[in-house]
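**Q** Take a look at this one; I'll ask things after.
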Amino acid sequence: MKITGEDGCSVEGERVTAKIAPSGKRFISISSLSEITDANGETTFTITAKKKAGKAKITFQAAGQTKSILVTVKK
Numbered sequence: 470m471k472i473t474g475e476d477g478c479s480v481e482g483e484r485v486t487a488k489i490a491p492s493g494k495r496f497i498s499i500s501s502l503s504e505i506t507d508a509n510g511e512t513t514f515t516i517t518a519k520k521k522a523g524k525a526k527i528t529f530q531a532a533g534q535t536k537s538i539l540v541t542v543k544k
């Protein structure tokens, strides 16, 4: 994930949180629920599939902004 300011510059030191929707917790896990951006405005979350197939929604929040992604686990 990369965080940029209004002027397009990278934002260092911003906390990014991740939350798996309750229904998706049986399909995936995530390495951390909170990370801090580096000098390039980037941070990494590792998403790991569990043994069941299905879909999981992850919502990321940083600097008052929210972005959700849908992860599909295939068996």
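Counting from 470, one number per residue, gives the positions in the sequence shown under the numbering used here.
Each residue gets a CB set at the ideal place from its N, CA and C atoms; glycine is no exception.
For the beta strand (DSSP E) holding Ala518, just list the boundary residues, first then last.
**A** Working through the sequence shown from its first residue, we reach residue 518 at position 49. Here the beta strand (DSSP E) through Ala518 covers Ile516 to Ala518.
**Q** Shortest alpha-carbon distance to Gly523 belongs to which of Thr541, Cys478, Ile516 and Ala531?
**A** Residue numbering aside, residue 523 sits at position 54 when the sequence shown is read from its first letter. When only C-alpha atoms are compared, the closest one is Thr541.
**Q** Please confirm whether Ala508 and Glu475 have their CB atoms less than 7 Å apart.
**A** Taking the first residue of the sequence shown as position 1, residue 508 is located at position 39. Taking the first residue of the sequence shown as position 1, residue 475 is located at position 6. Against a cut-off of 7 Å, the Cβ pair of Glu475 and Ala508 comes out as no contact.
**Q** How long is the line joining the alpha carbons of Lys494 and Cys478, rounded to whole angstroms?
**A** As a position in the sequence shown, residue 494 is number 25, starting the count at 1. As a position in the sequence shown, residue 478 is number 9, starting the count at 1. Roughly 34 Å between the two C-alpha positions.
**Q** I'd like to confirm the pairing. Which residues does DSSP put opposite Thr535 in its beta bridges?
**A** If you number the sequence shown from 1, residue 535 lands on position 66. According to DSSP, which records beta bridges pairwise, Thr535 is partnered with Gln530.
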